[in-house]
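**Student:**
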Amino acid sequence: MASTPSSSEHILFYDIASGPPVHPYSPNPWKSRYALNFKRANFVTKWVDMPDVPATRQSLGVDPVRFYGDGRPYPTLPIIKDPSTNTVVGDSFDIAVYLEKQYPDAPLLFRNSIGLYAAFNAHIDSIFPTGGPLFTDGLPLNPETAEQTKAKILKQWGKTTWEEFAVRGEERSKALSAYQASLGEAAKYFRFSDGPFIGGQEPDYADLIIGGWLMFVSEVLPEWEEVRAWHGGVWGKLHDGLEPYRGTW
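Going by the numbering used here, the sequence shown opens with residue 174, and the numbers climb by one from there.
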């Protein structure tokens, strides 16, 4: 549902803020935004600038769920705080599980074992980020904190400069081809579906997982129209099919 004025009965949804005009773009928060709308939950978006994410997680008492390669915490969003149950959840998958339990009368997010969806989520999360260097020029960063955010991204990827990280020209064409091949692994889930969703005409959380990544790719990748048509157009069809669950912000 729309991010309407604050109410004690509304879930507080902490999402990563873009530069102005502020809008959602980050993949994991998009998974949760889709899930909140899918379950018809009333929520209000609390925008958090990227450098403020660690302090936000700490202030809400949320344990880390992601880590750098050396084991140090990698603070990120989304988080939800539900005042009706005094519950705080700080991981996109855990948020979906929570919403499924709290809104049993809304459409089901999970139609099979939750463990299968967890494995699927991990698989998709290993595929879509591989295009990282292709995303650099399209990230809608806040100009006031862009350098801090870039430093965090460079650290995550083990790079020292933004120019070293970005890919352009012939190198970019090769990287796009490699990314297309990577997404081909995810496209295999659609082999036995008439679409637009993995299970056919009705979406579930598996579609929202991919949909969150597609919202991100559509924002940051100039070649998005090409991506939509890859693998028989499955990405464009899924992206368009999820439009009713995007809501407003």
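We treat Cβ as the ideally placed atom computed from N, Cα and C, and that holds for glycine.
1. Can you have a look at Tyr418 and say buried or exposed, based on whether 16 or more other CB atoms are within 10 angstroms of its CB?
2. Is Tyr360 near His404, with beta carbons less than 8 angstroms apart?
3. Would you tell me roughly how many angstroms separate the C-alpha atoms of Gln275 and Ile287, rounded to the nearest one?
4. Which residue's Cα is closest to the Cα of Val261: Pro200, Arg345, Asp236, Phe365?
5. Go through its chain and collect everything with a Cβ distance to Ala269's Cβ below 6 angstroms, but skip five positions before and after it.
6. Using three-state DSSP, classify Pro197 as helix, strand or coil.
7. Start and end of the alpha helix (DSSP H) containing Asp188?
8. Write down the C-beta distance between Asp426 and Thr318 rounded to the nearest angstrom, noting that I regard them as a contact closer than 8 angstroms.
9. With 8 angstroms set as the bound, which would you pick, yes or no: does the beta-carbon of Asp377 sit closer than that to a beta-carbon of chain D?
10. Just the Cα atoms here: how many angstroms apart are Pro200 and Trp386?
11. I need the straight-line Cα distance from Ser257 to Pro395, nearest angstrom please.
12. For Gly368, which residues from the same chain have a beta carbon less than 7 angstroms from its beta carbon, with the 5 sequence-adjacent residues on both sides left out?
13. Tell me the rounded alpha-carbon separation between Arg364 and Asn215.
14. If we ignore side chains and look at the alpha-carbon of each, how far apart do Phe402 and Lys219 end up?
15. Provide the residue span of the beta strand (DSSP E) that contains Ile287, from first to last.
16. Which residue or residues does DSSP assign as beta-bridge partners of Lys254?
17. Can you give me the C-alpha to C-alpha distance between Lys328 and Asp243, rounded to a whole angstrom?
18. Return the CA-CA distance between Leu250 and Arg230, expressed in angstroms with no decimal places.
19. Give the straight-line distance between the Cα atoms of Gly372 and Thr334, rounded to the nearest whole angstrom.
20. I'd like the list of long-range same chain contacts for Ala190, defined as Cβ closer than 7 angstroms, with 5 residues on each side in sequence excluded.
21. Starting from the C-beta of Gly311, find all residues in its chain whose C-beta is less than 7 angstroms away, skip the five residues before and the five after it, and write them out in chain order.
22. Just the C-alpha distance for Pro306 and Pro248, rounded to the nearest angstrom, thanks.
23. Using only the alpha-carbon positions, how far apart do Ala279 and Lys332 sit?
24. Can you check which of these residues, Ser346, Lys323, Leu289, is closest to Ile382 by C-alpha distance?
25. Between which two residues does the alpha helix (DSSP H) carrying Lys332 extend?
26. Enumerated in chain order, which unbroken segments of the alpha helix (DSSP H) with a length of 4 residues or greater are wholly contained in the stretch 199–229?
**Tutor:** Let me spell this out:
1. Position 245 of the sequence shown, counted from the start, is the residue given in the question as residue 418. Buried, because 16 or more other Cβ atoms sit within 10 Å of the Cβ of Tyr418.
2. In the sequence shown, the residue the question calls residue 360 occupies position 187. In the sequence shown, the residue the question calls residue 404 occupies position 231. The amino acid at residue 360 is misidentified as Tyr; the sequence shows Ala. Their beta carbons are under 8 angstroms apart, which means Ala360 touches His404 by this criterion.
3. For this step, residue 275 is matched to residue 102 along the sequence shown. For this step, residue 287 is matched to residue 114 along the sequence shown. Between Gln275 and Ile287, the C-alpha separation is close to 15 angstroms.
4. As a working note, residue 261 is residue 88 in the sequence shown. The candidate whose alpha carbon is nearest that of Val261 is Asp236.
5. Counting from 1 along the sequence shown, the entry for residue 269 is found at position 96. Excluding sequence neighbours, Ala269 sits near Ala208, Leu282, Tyr378.
6. Your numbering for residue 197 matches position 24 in the sequence shown. Of the three classes helix, strand and coil, the one that applies to Pro197 here is coil, per DSSP.
7. Here residue 188 is taken as the residue at index 15 of the sequence shown, counted from 1. Unbroken run through Asp188 is the beta strand (DSSP E), 184–189; no alpha helix (DSSP H).
8. No answer is possible for residue 426: it lies beyond the span of the chain, which begins at 174 and ends at 422.
9. No chain D appears in the structure shown, which is made up of a single protein chain.
10. Taking the first residue of the sequence shown as 1, we reach residue 200 at position 27. Taking the first residue of the sequence shown as 1, we reach residue 386 at position 213. The alpha-carbon atoms of Pro200 and Trp386 are separated by roughly 5 angstroms.
11. Working through the sequence shown from its first residue, we reach residue 257 at position 84. Working through the sequence shown from its first residue, we reach residue 395 at position 222. Those two C-alpha atoms are separated by around 42 angstroms.
12. Start at 1 with the first residue of the sequence shown, and residue 368 comes out as number 195. Closer than 7 angstroms at Cβ, skipping near neighbours: Val407, Lys410.
13. On the sequence shown, residue 364 is found 191 positions in, with the first residue counted as 1. On the sequence shown, residue 215 is found 42 positions in, with the first residue counted as 1. C-alpha separation (whole angstroms): 35 angstroms.
14. Taking the first residue of the sequence shown as 1, we reach residue 402 at position 229. Taking the first residue of the sequence shown as 1, we reach residue 219 at position 46. A quick correction: the sequence has Ala, not Phe, at residue 402. Cα to Cα, Ala402 sits roughly 34 angstroms from Lys219.
15. As a first step, residue 287 must be located in the sequence shown, where it is residue number 114. Taken as a continuous stretch (DSSP letters only), Ile287 belongs to no beta strand (DSSP E), being part of the alpha helix (DSSP H) at 287–300.
16. The sequence position of residue 254 within the sequence shown is 81, counting from 1. Per DSSP, Leu185, Val261.
17. For the purposes of this step, residue 328 is identified with residue 155 of the sequence shown, where counting begins at 1. For the purposes of this step, residue 243 is identified with residue 70 of the sequence shown, where counting begins at 1. The straight-line gap from Cα to Cα measures roughly 11 angstroms.
18. Locating residue 250 in the sequence shown gives position 77, counting from the first residue. Locating residue 230 in the sequence shown gives position 57, counting from the first residue. Distance between the alpha carbons of Leu250 and Arg230: 8 angstroms.
19. Residue 372 sits at position 199 when you count from the first residue of the sequence shown. Residue 334 sits at position 161 when you count from the first residue of the sequence shown. The alpha-carbon atoms of Gly372 and Thr334 are separated by roughly 42 angstroms.
20. The residue labelled residue 190 in the question sits at position 17 within the sequence shown. Excluding residues within five positions, the ones whose Cβ falls inside 7 angstroms are Trp220, Val221, Asp222, Asn315.
21. Indexing the sequence shown from 1 puts residue 311 at position 138. Correct list, in chain order: Glu392, Val393, Leu394, Pro395.
22. The count along the sequence shown starts at 1 and reaches residue 306 at position 133. The count along the sequence shown starts at 1 and reaches residue 248 at position 75. Pro306 and Pro248: Cα-Cα distance of roughly 21 angstroms.
23. Along the sequence shown, read from residue 1 onward, the residue named residue 279 stands at position 106. Along the sequence shown, read from residue 1 onward, the residue named residue 332 stands at position 159. The alpha-carbon atoms of Ala279 and Lys332 are separated by roughly 44 angstroms.
24. As a working note, residue 382 is residue 209 in the sequence shown. It is Leu289 whose Cα lies nearest to the Cα of Ile382.
25. Counting from 1 along the sequence shown, the entry for residue 332 is found at position 159. Segment: none, Lys332 is in no alpha helix (DSSP H) and carries neither H nor E.
26. 200–211
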